[in-house]
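**Q**
In our numbering, the protein residues as written are 2 to 193.
(1) Cβ atoms of residue 136 and residue 68: under 7 Å apart, would you say?
(2) Any idea if residue 171 is buried or exposed, counting beta-carbon neighbours within 10 angstroms, 16 or more meaning buried?
(3) Which whole-angstrom value is the C-beta distance of residue 189 and residue 159, which I expect to be below 8 Å?
(4) Give me, in chain order, the residues of the same chain whose beta-carbon lies closer than 7 Å to that of residue 63; leave out the 5 immediate sequence neighbours on both sides.
(5) Check whether the Cβ atoms of residue 95 and residue 106 sit closer than 7 Å, and answer yes or no.
(6) Residue 52 by DSSP, collapsed to three states: which one?
(7) CA-CA distance, residue 112 and residue 26?
(8) In terms of DSSP beta bridges, what is residue 134 paired with?
(9) I'd like to know whether the C-beta atoms of residue 110 and residue 169 end up nearer to each other than 7 Å.
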């Protein structure tokens, strides 16, 4: 005998936004019968599935909101170049202890040694661990803040860069920034 959830139950699952439970409750009920799960084991499987699906959607939203130019991970980093990099120190950063401590991380070096890769990977790792992140080019931030200042919405624009728990500023010092732009960027950094 095949049993299906009644329409009111399906409607309630929709209302409560339980898509995993709605999609898998019958299948898991059959599995519970085959495996002789008790009610709590059946419920645990349903809730674990719902929790995992929600957690994955949250990660995807954080990654999208971070605006990474491309996703990079620490595992993809080429440790053979540059020759003088403190691998243990860099790997230690990926424990993300600096975030709750409101610390700063600065990757400093010449062009092409992987600073952007490491910053992106660090931001991506933060997203995976539940932190909000924004990745932005320093010049784009200065231009955004300058435009906002001209129309009287500087305070709101600055909040955009203060809101995320982690702000990855790329290409700081790559192009010259005038004094006004430097002051605006300093406001963001100092308020963070």
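Idealized CB from N, CA, C, for every residue including glycine.
**A** On the basis of the coordinates in this document:
(1) Between residue 68 and residue 136, the gap from beta carbon to beta carbon is short of 7 Å.
(2) In summary, residue 171 is buried, with 16 or more beta-carbon neighbours lying within 10 Å of its beta-carbon over all protein chains present.
(3) The pair is a contact, with the Cβ atoms about 6 Å apart (cut-off 8 Å).
(4) The answer, listed in chain order, is 128, 133, 134.
(5) Cβ distance not < 7 Å, so residue 95 and residue 106 don't count as in contact.
(6) Here DSSP, grouped into helix, strand and coil, assigns residue 52 to helix.
(7) Computed Cα separation, rounded: 54 Å.
(8) Checking the DSSP bridge columns, you'll see residue 134 partnered with 167.
(9) Cβ atoms of residue 110 and residue 169: not closer than 7 Å.
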